[in-house]
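Enquirer:
In the working numbering, the protein residues as written are 822 to 991.
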């Protein structure tokens, strides 16, 4: 995660998105309609030297995840205080060494999923193409990729925060 303190999740597998929605909304997956996923607006704040990252989405719902990183750079995560959350591991499988990471998750029930992390809320076309190539090469079905690119229509709270905190005052 390095020096980046905010990560956005604009493109991910349907399974990963549903499980994250279940964590955020504190609902079983079966009770979450597909239309809800379009307003995911998911971003995570990373505090240096903290075992927790705080992620928010779905109308400002903030959830803490306990994170430990093993020597082989595998992230072990566990949601705190959720009756539906599952623990698992997240392995980084691709980075452009600039602003994009793709990782795979292995959940405690042995299901696998993937997500793209970016330092900007919206992906460029070339970045989407690269992500789709990576996940297809790993054996994931690209038909289950869901684009939840953050925009001000669905995500005003993240959009406003992004512009306030990322603006350089002269």
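Cβ atoms here follow ideal geometry from the backbone N, Cα and C, with glycine treated the same way.
1) The alpha helix (DSSP H) with residue 842 in it runs from where to where?
2) Expressed to the nearest angstrom, what Euclidean distance is found between the alpha-carbon atoms of residue 952 and residue 906?
3) Less than 8 Å between the beta carbons of residue 827 and residue 866, yes or no?
4) Quick one: measure Cβ to Cβ for residue 921 and residue 894, integer angstroms, because I've assumed they're closer than 8 Å.
5) Using a Cβ-Cβ cutoff of less than 8 Å, which residues in the same chain neighbour residue 941 once the five nearest sequence positions on both sides are dropped?
6) Three-state secondary structure (DSSP) at residue 913?
7) What residues in its chain sit with their C-beta under 8 Å from that of residue 846, if we drop five residues either side in the sequence?
Expert: Let me spell this out:
1) 835-846 is the span of the alpha helix (DSSP H), which, as asked, contains residue 842.
2) So the two alpha carbons sit approximately 26 Å from each other.
3) At the C-beta level, residue 827 and residue 866 come within 8 Å of one another.
4) Contact flag wrong, Cβ pair sits at about 17 Å.
5) Shown here for residue 941: same chain residues with a beta carbon closer than 8 Å to its own, the five before and five after excluded, namely 829, 920 in chain order.
6) Strand, per DSSP.
7) Around residue 846, the same chain offers 853, 857, 879, 882 as residues with beta carbons nearer than 8 Å, after the five sequence neighbours per side are excluded.
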